[in-house]
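Below: the structure, in structure tokens.
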Amino acid sequence: MIKIFNLNKKINDKKIFSNINLEIPINKLTFIIGPSGVGKSTLLNVLGGIDKEYDGTIEYNFNNISIDPSTLLKNNYVDFIFQDYNLFEDLSVEDNLVFPLNFLGHNLSKEEIIKVINELGIKEIQLNEKVKNLSGGEKQRIAIARAILRKSEFILADEPTGNLDTENSENIFKILSSLSKKRTIIVVSHDLEAAKKYGDYIYDLKNNELLENKPTCNEYLFNDIKNNLGKNNFWNKYKPLLKFSWVGIKRKIISFILMIFLISSTSALLSNTYSLHNNSQFVSTKYFKETNSDFIELKYQTNSWNLIDIKKIDELNNRIGNLSSTSYYSYYPQIRIAALTNSDKILELNFDEIDNSSFWTNKLASMNIIGKASLDVNEVIVWKKDAEKYNLDLYTNNELKTDNGIIFKIVGIVDYDDMIDLSNYYSYVNNYEKINIFVSAETTKKISSEINKNSKFSFSILKYINDEIAVQIANSSMIDYDENLNDNEFTFISPVKKQLNIGEKYKIDSDFHIDMDLVLNNFLIDKNSENTKIKFSKKTFENLKKIHSEYISGYPNSLLIYFNSAENLQKSLNLLNDLAKEDSKIVIHTNFASLGKMIVQNSKDTTKIIFIFAISIFMISIIAVAIFSHLIVSSKSKEIALLKLLGLNSRQSLIYHLFSFIFVALVSIVFSLLIMYPIYLIFTLLINNLALLKFNWLLNITTLFIFWSAISFVSFLIYFFVSLRKFYAKTNRLLKEK
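In this text, residue positions in the sequence shown follow UniProt numbering: the first is 1, and each later residue adds one.
Following this line, the structure appears as structure tokens:
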């Protein structure tokens, strides 16, 4: 029994109906009739729990059990049959019958479904047919079958024959009449003749009058089957998730494809852009030797910026061991060297130092040297392109003269076309053009000696704490030794008092000395002396003299370590980098790792444009995702309402909707991986010499996953918040949307 007391309904300030007092008996077919606009459908929505904004009381009682009106849909007491059917048009007949059961947490065998549809005149073969291909009469039978299979006690039909011809209308009313023997059926209709023919009760809404009726048609087309729904299972509620989501995607396939494309292309583009600016790419093994990337330059810094600790470097080199092919110290000049050709062309010299090892013998042999392939002091080898450019040869125009009197003799010309020209990465200095020449390490040592020989024996003693200069030593006459001092001690003698503290720590800073920490042993004031004097232990005194002598005779500034294979260089580089993490004085340089930075810096304008483009695409993608999300959600109004009518709450319906985005995200990561490398290849066309670098798969895949995760998460939030309002909208409003 359904009892209605003083039911009133307004929409805004318009009264729809008022003071309805009515009792609807169970297991009867009751018609609600009246002209259009009187509120028949609104009353049906109120009775079915769709519209909850009314005044008055409605009591539901089935089998002597009182039912809370708010649980009508949730607990499947009520089902709806609509004029426009409200089926899932893109799903099969079977899915339209099974999924609504799954939404309730139940499942049903195909055999039981066949029993019901056979009673309704639907053939088994039609189960696999899509609903959108059925006739109106067949669709309405499917809607009725859905209600029957869900065991709803209370079936509300809103103009169920409004879109049907006479024959189908008669059949539908006969089926509903048959069902009313075991279920409560309420039909909204403007067809008074049909109400008199099939209805047990007729309620005239306009006149607020309930009339008992004796139906003239007693022909039954359906034998109601009370199927067993079985035990409620939580996971059954989400059993249709995959198929339901896939059908939803196909319905708006263009929007979803565009979302996939935007997410994946933006992820791949940002990943490549990050890797490009991160300078993490190594030289490709293919171009290992052609880019002069087969060496590591190693330094161990001291307190003096231009001095290295040779002992420490030798220890590091021993750690590398047999991985290297040759190693030797570089005496590359600390100042730029310019030279004059026989034709009075001034060129800045860029030295490639070599030794007499088998490594260089084989390397030069492979480079097709015209002339002499081994070098003595002051002999050089030039590149063929430079020889042709500056009119150099082995016979007449074969000298390069520096401004300090050193003459380099050209004894060989490299006739090798496979070497990659990276000269554009070196700037011009003082408008001098740069020329690369091969020289022996002995030659650069001689040049360094010429440069250093005029270096004065001078140094500073600094305070250990703040590097403030405590004493300035201008020449060797200011130092002496005292045999009573320890090696780390010194005595200061001055005609005036200085801000020096006995026992305090100091250190030496100069162009030539090795790291040395000292302690002030004594401070003496000698007013008879005009000059300051520093005394060290005899060993320290002699060591300072020796180091200065070595410095002016040519002092190395790094160790060059060459390799036959990129693999051995990579292993050595990894070893040295690990050691450098623990000791900041270790300094490593190799074209193998730094060429990428040079390439990017040389193409700053292009890389900047790529970066701006990537960010712009990201912003466009976010806006586009918001637009596509709105389009997708807007097309789902009736689907959302139907999910709620079939027993899913707003949260569960939203899960069904959002699951399609998981598919989008998963497909987009696959597509991102597919287009990641092609985008990099496009970069190589835009950025000069980028193709020389090895594509860093690990970094790119890692960053791709990070960017994909971030973009997908942001897109999901947009998709979620755009959807939220729609999914929590009132069901009756959603049903009215087109």
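For each residue, glycine too, the CB sits at the ideal point set by N, CA and C.
| Asked | Found |
| --- | --- |
| Top-ranked residue by Cα proximity to Ile718, from Ile50, Asn466, Met619, Leu573 | Met619 |
| Assumed close pair Gln334, Val587 - CB separation to whole angstroms, cut-off 8 Å | The Cβ separation is near 15 Å, so there is no contact. |
| Per-residue DSSP class, three states only, for Ser723 | helix |
| Nearest-angstrom beta carbon gap, Ile508 and Ile461 [assumed within contact, 8 Å] | 6 Å |
| Of the residues Gly49, Glu379, Ile413, the one placed nearest Leu392, counting alpha carbons only | Ile413 |
| Distance between Asn452 and Tyr562 (C-alpha atoms, nearest Å) | 27 Å |
| Inter-residue Cα distance where the pair is Lys312 and Ser594 | 24 Å |
| Beta-carbon proximity list for Pro215, same chain, < 8 Å, skipping 5 on both sides | Leu29, Ser177, Lys196, Lys197, Tyr198, Gly199, Asp200 |
| Alpha carbon of Tyr425 to alpha carbon of Leu349, nearest angstrom | With a pLDDT of 47 at Tyr425, under the threshold of 50, the modelled position of that residue is not reliable, and no figure is offered here. |
| With 16 other Cβ atoms within 10 Å as the buried cut-off, status of Ile534 | buried |
| CB contact flag (Ser245, Phe659, <8 Å) | yes |
| Collapsed DSSP secondary structure at Phe592 in the structure displayed | helix |
| Tyr680 versus Phe282: straight-line alpha-carbon distance, rounded | 15 Å |
| Runs of beta strand (DSSP E) wholly within the segment 347-389 (minimum 3 residues, chain order) | 369-371, 379-383 |
| Spatial distance of Lys250 from Ile711 (CA atoms) | 23 Å |
| 3 or more residues per run - each beta strand (DSSP E) lying fully within the segment 498-567 | 505-510, 517-525, 533-536, 558-562 |
| Distance CB(Ile253)-CB(Ser572) smaller than 8 Å | no |
| For Thr326, the nearest candidate out of Tyr464, Thr341, Asp294 (CA to CA) | Asp294 |
| Thr532 and Ile493 closer than 8 Å at C-beta | yes |
| DSSP state of Leu73 mapped onto helix, strand, coil | coil |
| Beta carbon of Glu153 nearer than 8 Å to that of Asn128 | no |
| Three-pair Cβ contact test at 8 Å for the segment 187-196 versus the segment 154-173 | yes |
| Stretch pair the segment 380-395 + the segment 472-480: three plus CB contacts closer than 8 Å | no |
| Contact set for Phe288: own chain, Cβ-Cβ below 7 Å, skip 5 residues either direction | Asp294, Ala566 |
| From Ile706, Asn696, Leu734, Phe727, residue whose alpha carbon lies closest to that of Ser275 | Asn696 |
| Completely contained alpha helix (DSSP H) runs for the segment 238-275, where each covers 4 or more residues | 241-251 |
| Backbone CA spacing between Phe707 and Ile632 [nearest angstrom] | 24 Å |
| Option nearest Ile142 by Cα separation, candidates Ser267, Ile114, Glu167 | Ile114 |
| Nearest residue (CA-CA) to Thr71, options Leu569, Tyr60, Leu307, Val664 | Tyr60 |
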